[in-house]
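Participant: Handing you a structure now.
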Amino acid sequence: MIGRLPHNGFCARGTPLSSHRSTAADPSRPGSPRRSPGRCWVSPVVLCADLGADGGRAPDGRGSRAGARGGRLRPVSALDWDHNAFYHRLLLRQLPDGLRRVLDVGCGAGVFASKLAARAEKVDAVDKSPEMIAAAYDTTPDNVTLLLGDVLKEPLPEAGYDAIVSVTALHHLPLEMALPVLARALRPGGVLVAVALPRTDLPRELPVELLALISQRLFGLTFALLRKFNGGNWFAHEPTHSAMPVLLDPPLATRQVREYAAALLPGAQVRRLVFWRYFLLWHKPSD
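The numbering of the sequence shown is the UniProt record's numbering, which starts it at 1 and goes up by one.
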């Protein structure tokens, strides 16, 4: 039987969750991922699973994971490195101590969710990809609940989270819908923090684009040498990276994201980061 979810969201509409069986990760089936007691696996049949029209979130790169329309597989060269992982520390620095419950929107293979698990009592990690959720089961600790579904179609707990974070998922969602949904799920005084992909905005952002192009290879060479001679990960790609198609067409430039945030999240900060990301930070006012 599928384990019980920690809240009312992400279940089949009008149907008890316990009445469904997962064919994607049944421990009785050879090769199925291991599950710890209390951690749930939700069948793709049970849930709507559409984080975006292009089919999902890429863990890195300037593009996004494409669906059946127009995707391509991207090989990883020796000098490629994970821009998302590079910005993990920036996100973690925005989080207060004493977190009880955190939501990770677009968790991918669970790398950042595992880091969040060291800072929070409970982490709900959601992604639309069954393959990514399956990969996350091998790496995430027991205080991470993995959920397959769409945060815009399934109910989130009202004021249920101390923090909501997202790594390269927001550009797949219509911000006019996503930001209010996430704001409602955040408790008063909580923090929403995200990095996502902006559309290239030339000539306005020409200096930062040139800086990114020049620095990309220099950083890649430095990280490759550090991995070779000092060991460690040094922002190497996740094992799942090379299997992910990309689509190089984010919908909004950073200035447009800033306009949405100003209208929907008063006081939010939005700025362009060097390596093809924008940064969004919002503290929900306390009651």
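Even glycine gets a Cβ: it sits at the ideal position worked out from N, Cα and C.
From Glu209, Ala183, Asp97 and Gly106, pick the residue whose C-alpha is nearest to that of Arg119; which is it?
Facilitator: It is Asp97.
Participant: Which residues does DSSP pair with Tyr278 in a beta bridge?
Facilitator: Looking at the DSSP assignment, Tyr278 forms a beta bridge with Ala196 and Arg272.
Participant: Hey, how far is the Cα of Arg227 from the Cα of Gly220?
Facilitator: Approximately 11 angstroms between the Cα atoms of the pair.
Participant: Which residue marks the beginning of the beta strand (DSSP E) containing Ser166, and which one marks its end?
Facilitator: Run containing Ser166: Tyr161 to Val167, per the beta strand (DSSP E) assignment.
Participant: Measure the C-alpha to C-alpha separation of Ile214 and Glu158 and round it to an integer number of angstroms.
Facilitator: Whole-angstrom Cα-Cα distance: 44 angstroms.
Participant: When the distance is taken between beta carbons, is Thr139 closer than 8 angstroms to Ser166?
Facilitator: Cβ distance not < 8 angstroms, so Ser166 and Thr139 don't count as in contact.
Participant: Report the rounded CA-to-CA distance for Arg258 versus Ala194, giving the unit in angstroms.
Facilitator: C-alpha separation (whole angstroms): 13 angstroms.
Participant: Per DSSP, Asp80 is paired with what?
Facilitator: Beta-bridge pairing links Asp80 to no other residue.
Participant: Look up Lys122 in the DSSP assignment and give the residues it is bridged to.
Facilitator: Bridge partners of Lys122: Arg101.
Participant: So, Leu179 versus Pro250, is the Cβ gap smaller than 8 angstroms?
Facilitator: The answer is no: Cβ separation not under 8 angstroms.
Participant: Sort out for me which residues DSSP pairs Leu179 with in a bridge.
Facilitator: Its beta-bridge partners do not exist; DSSP assigns none.
Participant: Between Ala135, His172 and Leu186, which lies nearest to Asp287 when the distance is taken from Cα to Cα?
Facilitator: Closest option to Asp287, Cα to Cα, is Leu186.
Participant: Are any of the Cβ atoms in chain C nearer than 8 angstroms to that of Gln216?
Facilitator: Absent from the structure is chain C; it holds one protein chain and no more.
Participant: With 16 other CB atoms within 10 Å as the buried threshold, where does Phe229 fall?
Facilitator: Under this definition Phe229 is an exposed residue.
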